[in-house]
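To start, the structure under review is shown below, and the notes come after it.
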Amino acid sequence: MQILKTHYHPEIKTLDNKSVFTRLATRSIVIDGNAILLLYTERYEDYSLPGGGLNASEDKVDGMVRELIEETGAKNIKNIKPFGIYEEYRPWYKPDYDVQHMISYCYTCTINKKLGASKMEEYETKNGMRAVWVNIHEAIMHNEKTIATSEKKGMSIERETFLLKRIAENF
């Protein structure tokens, strides 16, 4: 799978003499016409692709399917194809490491348009995260506005907006 981008958070000036923790994750790309299945998070005022961290030794595709079902209630997941990798280096705020190296494996797939019940983690529910079908161009404009104006934006919005733009170019 090709690397789409390697992003360094502005606080990461160098990796010299830094302890780095690598986290593997997956992201799902589900398109239906001009609509894309995303997660809207009220806390951060952003749209993001369904996905999350892989469990130890979990297969990437199995992890993508698991996260997609948990976060959106997706059913009948088929036609899974690699899209690309987004890697990023971000500050790690726990004492065991200085930097987190996040590698997100992105896959396209198809699902039934009607979603089942999600099984969000407690923090996701508290953050006001919910699955929505949204026009991809509206989601990009919304995220760009959040980047420009919101004090609440999270670290992942740069990744998500880059990926949404790349997806829009390809579909």
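Going by the numbering used here, the first residue of the sequence shown is number 3, and it counts up by one from there. We put the CB at the ideal spot given by N, CA and C, even for glycine.
| query | So what does DSSP say about Leu41, is it helix, strand or coil? | reply | Translated into the one-based positions of the sequence shown, residue 41 becomes position 39. DSSP, reduced to helix, strand and coil, places Leu41 within a strand of the structure shown.
| Can you list the beta strand (DSSP E) stretches of 3 or more residues lying completely in the segment 40 to 73, in chain order? | If we require 3 residues or more, the beta strand (DSSP E) runs fully inside the segment 40 to 73 come out as 48 to 50 and 53 to 55.
| query | Residue ranges of each beta strand (DSSP E) run of no fewer than 3 residues wholly in the segment 74 to 138, ordered along the chain? | reply | Complete beta strand (DSSP E) runs here, min 3: 80 to 93, 101 to 112 and 131 to 137.
| task | Would you mind stating whether Leu56 and Thr28 have Cβ atoms separated by less than 8 angstroms? | result | Position 54 of the sequence shown holds residue 56. Position 26 of the sequence shown holds residue 28. Yes. Within cutoff.
| said: For Pro52, tell me which candidate among Pro93, Lys167 and Trp135 has the shortest Cα-Cα distance. | reply: Within the sequence shown, the letter at position 50 stands for residue 52. Check the Cα spacing between Pro52 and each of Pro93, Lys167 and Trp135: the tightest is with Trp135.
| task | Figure out for me which residue from Ile31, Arg45, Ile38 and Ala141 has the closest Cα to the Cα of Gly54. | result | Position 52 of the sequence shown holds residue 54. Nearest of Ile31, Arg45, Ile38 and Ala141 to Gly54, Cα basis: Ile31.
| So who's on the other strand from Asp34, going by DSSP bridges? | Indexing the sequence shown from 1 puts residue 34 at position 32. Paired residues: Ala37.
| said: According to DSSP, His9 sits in a beta bridge with which residue or residues? | reply: Position 7 of the sequence shown, counted from the first residue, corresponds to residue 9. Glu90, per the DSSP bridge assignment.
| request: Locate the alpha helix (DSSP H) running through Leu166, then write down its first and last residues. | output: Reading the sequence shown from its first residue, position 164 is the one you call residue 166. Under the DSSP assignment, Leu166 falls in the alpha helix (DSSP H) whose first and last residues are Ile159 to Asn172.
| said: Glu162 and Asn145 - do their beta-carbons sit closer together than 8 angstroms? | reply: As a position in the sequence shown, residue 145 is number 143, starting the count at 1. As a position in the sequence shown, residue 162 is number 160, starting the count at 1. Result yes, Cβ atoms of Asn145 and Glu162 sit closer than 8 angstroms.
| Is the CB-CB distance between Ile33 and Phe164 below 8 angstroms? | Start at 1 with the first residue of the sequence shown, and residue 33 comes out as number 31. Start at 1 with the first residue of the sequence shown, and residue 164 comes out as number 162. In this structure, Phe164 does not lie closer than 8 angstroms to Ile33 by Cβ.
| query | For the candidate residues Asn81, Ile38 and Lys20, whose alpha-carbon lies nearest to that of Ile138? | reply | For this step, residue 138 is matched to residue 136 along the sequence shown. Cα-wise, what sits closest to Ile138 is Ile38.
| query | Ser59 and Ile87: beta carbons closer than 8 angstroms? | reply | Counting from 1 along the sequence shown, the entry for residue 59 is found at position 57. Counting from 1 along the sequence shown, the entry for residue 87 is found at position 85. In this structure, the beta-carbon distance from Ser59 to Ile87 does not fall below 8 angstroms.
| Alpha carbon to alpha carbon, what distance is there between Thr16 and Tyr91? | Here residue 91 is taken as the residue at index 89 of the sequence shown, counted from 1. Here residue 16 is taken as the residue at index 14 of the sequence shown, counted from 1. Tyr91 and Thr16 have their C-alpha atoms roughly 10 angstroms apart.
| Cβ shell of Ile169 (< 8 angstroms), same chain only, five flanking positions each side left out | Sequence index remark: in the sequence shown, residue 169 carries index 167 (1-based). Answer for Ile169: Ile31, Ile33, Ile38, Phe85 and Ile138, listed in chain order.
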